[in-house]
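Chemist: Protein chains in written order, with my numbering: chain B, 1 to 309; chain G, 1 to 336. Ideal Cβ positions, reconstructed from N, Cα and C, are used throughout, including at glycine.
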């Protein structure tokens, strides 16, 4: 059994993790680019999305009455797909609300907006604790994607492979949306020069609201895919946001491929370190960041932006 | 009157008011429902936030990982007391040193950055310290904390200082806070303080004006870390232990909240007011409900929406309502 084949399961874990980190980071970087706000509530939206998906998949059937029984008879896979669509939409609406609150801070010190999202993060996290309790919960997944198989003497988890494929597909969809639709063009223009976008007669407040909602929804999607691996705890959001922050800095703020590339790099480093010294896998991510930024001050693919001022 | 090179008095009226409140607190606290231990916490966090505001309010550098240096100070003090058996004063000196050295090392990586990159880098470094404090179990005790840092009885000649009593620890913390207030007031009204504000207003122009921006940023970050280390050491003295949770992202966010809640952007006194409000509100909300953080978060959102300049900003606006416009124009706008 060769070195590569014994590493392969860890590489797949790393890739799955990296692609989903990149998805969180993409939502985050969209919000930073268009609104110049570091959204500290991003991780809480990630967690909240997963909790809402859990409720949609296995709701309190007694409370729902007859309709609940009908819904409960649907196969798990169907309910899972419904959750995968509906929960991010709910989070998008919450994102709209957060953006509307943020409007009062535009044009003032950047810290005000940032601290507002920190307050929101506290609210979401405590609300989760109040509603669903502090103990770890389980997000059910359909039987088709659980379990594992043995290949070349190594055990592979089906779910990790599903997560990897899903992450790659989701990133592809985001890329198509940003580069092949008029909405994407407007968003990119808004990140580049929002005054000009306004001058062209585009409704800038609505654009910002939609971008915030879209970024939040991406966090929720990543939450639904990642939490069956990590477990669903009230502060799971923090575990997700920190890597996302690092990936943004590592890849360069506002860069799509920077985020994807850095996400993969972080995922692989965490995955491979995890194979040899699992306790230290998180630390390796920080060391990677410091090494890269010592030599490339704007990250791997970053350009000089107005955000540094 | 004695003044600093930039013309600010060494001791101000506001300082005398603060000292009067500070040194009489144990006499009246119990009649208004407060207690000595709460006073210690307020003094510690006021100290911490004052040092933090050198960065945020004066230099405009948002550090979101400041809990690291506070925590390093707490561990530094604890280890000095337990492993080396030093006196509390030496322990606190080592806490200051630990905070300064760790902040100074981190600042080597940060001092050429600003804005969002600076903020995200401080988060990353803060997380490294937090992570190490949990994982280096043999050194820090891991998540259980570094325990049994007993409060000693110190004998100075015939004078016996019993740190076992909360009143003693309170006065000790109050004296340190008073000294630090005077020191930091002097620092921000020195030529160095002018350099800090120049960097906040326009870093490029500050560099063109001949300031060594990198060195000023490095120095202020290290100084701020040293103050955080002292505050952390004091907390370890008070709690008789040190824990990793003071280094978490949340805990680092709290010092930013305190500073802004009081009005760190508009006043030197913002962090002191903010720390007092923060600790008081925590106690009041915490007594009423388990989910005090939820209400705290809501409160904070409301403050950021309607009064982002914090308590001092609100006070000035209220005071402004009663001042005739002519006088308002005559009084210069106070830069923090």
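Is the Cβ-Cβ distance between residue 161(G) and residue 286(B) less than 8 Å?
Modeler: no
Chemist: Measure the CB-CB distance between residue 157(G) and residue 67(G) and report whether it falls below 8 Å.
Modeler: no
Chemist: Can you give me the start and stop residues for the beta strand (DSSP E) that residue 247(G) sits inside?
Modeler: Run containing residue 247(G): none; DSSP gives neither H nor E here.
Chemist: Using three-state DSSP, classify residue 117(B) as helix, strand or coil.
Modeler: helix
Chemist: Output needed in chain order: residues of the segment 82 to 108 of chain B with a Cβ under 7 Å from some Cβ in chain G.
Modeler: 101, 104, 105 and 108
Chemist: CB-CB under 7 Å to residue 157(B), same chain, minus the five flanking residues each way: which ones, in chain order?
Modeler: 148
Chemist: For the 8 Å Cβ check, are there 3 or more pairs between the segment 66 to 86 of chain G and the segment 283 to 296 of chain G?
Modeler: no
Chemist: Can you tell me the Cα-Cα spacing of residue 117(G) and residue 31(G), whole angstroms?
Modeler: 48 Å
Chemist: Kindly indicate the opening and closing residues of the beta strand (DSSP E) around residue 78(G).
Modeler: Where residue 78(G) is concerned, there is no enclosing beta strand (DSSP E), although the alpha helix (DSSP H) it sits in stretches over 67 to 79.
Chemist: Where does the unbroken alpha helix (DSSP H) through residue 35(G) begin, and where does it stop?
Modeler: Segment: none, residue 35(G) is in no alpha helix (DSSP H) and carries neither H nor E.
Chemist: With respect to the beta strand (DSSP E) encompassing residue 160(G), which residues constitute its N-terminal and C-terminal limits?
Modeler: 159 to 162
Chemist: What residues from chain B crowd round residue 298(G), counting only those whose CB sits closer than 8 Å?
Modeler: 119 and 123
Chemist: For residue 6(G), tell me which candidate among 185(G), 22(G), 316(G) and 173(G) has the shortest Cα-Cα distance.
Modeler: 185(G)
Chemist: Closer than 8 Å, CB to CB, is residue 17(B) near chain G or not?
Modeler: Chain G contact via Cβ: absent.
Chemist: Quick check on this structure: which residue in 88(B), 300(B), 280(B) and 170(B) has the alpha carbon closest to the alpha carbon of residue 257(B)?
Modeler: 300(B)
Chemist: Are the segment 132 to 148 of chain G and the segment 272 to 280 of chain G touching by the rule of at least three beta carbon pairs closer than 8 Å?
Modeler: no
Chemist: Rounded to whole angstroms, how far is the Cβ of residue 56(G) from the Cβ of residue 259(G), which I believe are closer than 8 Å?
Modeler: 6 Å
Chemist: Give me the chain B residues within the contact set of residue 135(G), using Cβ-Cβ distance strictly less than 7 Å, ordered along the chain.
Modeler: 279
Chemist: Consider the Cβ of residue 245(B): report whether some Cβ of chain G lies at a distance smaller than 8 Å.
Modeler: yes
Chemist: Tell me whether residue 299(B) sits in a helix, a strand or coil according to DSSP, three-state version.
Modeler: DSSP places residue 299(B) in coil when its eight states are reduced to three.
Chemist: To which residues does DSSP link residue 155(G) through a beta bridge?
Modeler: 160(G)
Chemist: Given this structure, state the Cα-to-Cα distance separating residue 248(G) from residue 131(G), to the nearest angstrom.
Modeler: 9 Å
Chemist: Helix, strand or coil for residue 111(G) per DSSP?
Modeler: coil
Chemist: Work out the CA separation of residue 296(B) and residue 22(G) for me, nearest whole Å.
Modeler: 48 Å
Chemist: Using a Cβ-Cβ cutoff of 9 Å, what residues of the segment 192 to 207 of chain B are near chain G? List them in chain order.
Modeler: none
Chemist: Please name the residue, chosen from 103(B), 288(B), 182(B) and 47(B), that lies closest to residue 304(G) on a Cα-to-Cα basis.
Modeler: 103(B)
Chemist: Excluding five sequence neighbours on each side, which residues of the same chain lie with their C-beta closer than 6 Å to the C-beta of residue 91(B)?
Modeler: Residues of the same chain with a CB within less than 6 Å of the CB of residue 91(B), apart from the 5 flanking positions on each side, are 45, 49, 216, 217 and 220 in chain order.
Chemist: Here's the rule I'm using: 16 or more other beta-carbon atoms within 10 Å means buried, otherwise exposed. How should residue 28(G) be labelled?
Modeler: exposed
Chemist: Considering only heavy atoms of the ligand FAD, does any lie closer than 7 Å to the CB of residue 25(B)?
Modeler: Looking for the ligand FAD in the displayed structure turns up nothing, as the structure carries no ligands at all.
Chemist: Bridge partners of residue 154(B), per DSSP?
Modeler: 151(B)
Chemist: Of the choices 252(B), 210(B) and 241(B), whose alpha-carbon is the least far from that of residue 292(B)?
Modeler: Nearest of 252(B), 210(B) and 241(B) to residue 292(B), Cα basis: 252(B).
Chemist: Please tell me whether residue 149(G) and residue 102(G) are closer than 8 Å, where the distance is taken between their beta carbons.
Modeler: no
Chemist: Thinking residue 25(B) and residue 263(B) are a contact (beta carbons under 8 Å), I'd like their distance in whole angstroms, please.
Modeler: Contact flag correct, Cβ pair sits at about 6 Å.
Chemist: Suppose contacts are defined by Cβ-Cβ distances below 8 Å. Is residue 254(B) in contact with residue 191(B) by that definition?
Modeler: The Cβ atoms of residue 254(B) and residue 191(B) lie closer than 8 Å to each other.
Chemist: Taking the CB atoms as reference points, tell me whether residue 97(G) and residue 176(G) lie closer together than 8 Å.
Modeler: no
Chemist: Measure the CB-CB distance between residue 70(G) and residue 256(G) and report whether it falls below 8 Å.
Modeler: no
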